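All residue numbers for the sequence shown refer to the working numbering, where the first residue is 1249 and numbers rise by one. As structure tokens, the structure follows; a few thoughts come after it.
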Amino acid sequence: MRTDAEVASAAIAKRYLRPLTAKEVTLARLFLHFELEKDVNTVKDSQIIDDTPKYLLYSQDWLRLLGWEKIESLKSQREAQWISCDLRTFDLSSIGEFDVIVADPPWDIHMSLPYGTLSDEQMYALQIPQLQKQGLLFLWVTGRAMELGRALLKHWGYLRMDELVWIKINQLHRLIRTGRTGHWLNHTKEHCLVGYKSPSLSQTDAPTPGMYLPLPESMHPGLGNDVIVAPVRDTSRKPDELYTMIEKMCPGGRFIELFGRQHNVRPKWLTLGNQLQGNHLVSDRL
């Protein structure tokens, strides 16, 4: 059975379509996506450079360390890109497939909101399946949209494998309590459903507690928590911690955010939404 480091190295080689040199394999084992298990000052080189490494470091500079930072296709993947469009009519099949999707839809939650919303029927009609044959979908939901979101995951061909909770705090690091949302109780949290799609799974494979869903080799679970405690910022703006967690889970992956606004634009991601400032594309894959 292959070690985690060997799996990581194989995933890199597969994604960039060329074999790794011995040096690159060693560097990948040292720096790709693994967190340190003990104090770095106590780890000896002989413990790190080993066929079955026990202590591994995580570094966001692995492209530089592998000498790949000058490859144009990789540089374009790391630059922020966005398309201003109406997702109800935009041809999602024209932009290829993605490893991870984040969506923060303008749900019709029967409240007065400072932006337009989509009806349940319009949500069902979105062509989300065009973006993935295999991968993860992070779907933000709130209020009555929680049950609708679960139904939509199934409709789009996903199994709900997990759920994140964002605990909202103010500048004093206290829970948001007043003047927010909620018909009966003030809401101090939002939920993000995590769906998984794979050709090898069917809707009859409903996950049970403790069930393991096999992720692609390029994805690595266990690198984030299911609770994010972060302050509230602009209206409907979600915490940056989610993006960081996703980028660690799937290093080098293709990421897309749907219903994004200008503050959602970030390196490594393609953002789609009708409140973006024009279009900015650098990848020849788009």
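Note that beta-carbon positions come from the ideal geometry of N, C-alpha and C, so glycine has one too. Since the structure is predicted, the reported quantities are computational estimates derived from the model, not experimental observations.
Comparing alpha carbon positions, the residue from 1414, 1444, 1364 closest to residue 1467 is 1444.
With a 10 Å radius around the Cβ and a threshold of 16 neighbouring Cβ atoms, residue 1515 comes out exposed. For residue 1410, there is no enclosing alpha helix (DSSP H); the residue is part of the beta strand (DSSP E) that begins and ends at 1407-1417. For residue 1470, there is no enclosing beta strand (DSSP E), since its DSSP letter is neither H nor E. The alpha-carbon separation between residue 1498 and residue 1347 amounts to approximately 8 angstroms. Within the same chain, 1471 come within 6 angstroms of residue 1496 by CB-CB distance, once the 5 residues on both sides are set aside.
Membership of residue 1504 in any alpha helix (DSSP H) is not indicated; the residue belongs instead to the beta strand (DSSP E) covering 1503-1506. Excluding the 5 residues flanking it on each side, residue 1469 has same chain C-beta neighbours closer than 8 angstroms at 1463, 1497, in chain order.
Here the C-alpha atom of residue 1523 lies approximately 24 angstroms from the C-alpha atom of residue 1400. Distance from the CA atom of residue 1492 to the CA atom of residue 1370, rounded to whole angstroms, is 30 angstroms. Inclusion of residue 1395 and residue 1474 in the CB contact set at 8 angstroms is not warranted, their separation being larger than that value.
In this structure residue 1345 is in contact with residue 1381, their Cβ atoms being roughly 6 angstroms apart against a cut-off of 8 angstroms.
Residue 1509 is bridged by DSSP to 1523.
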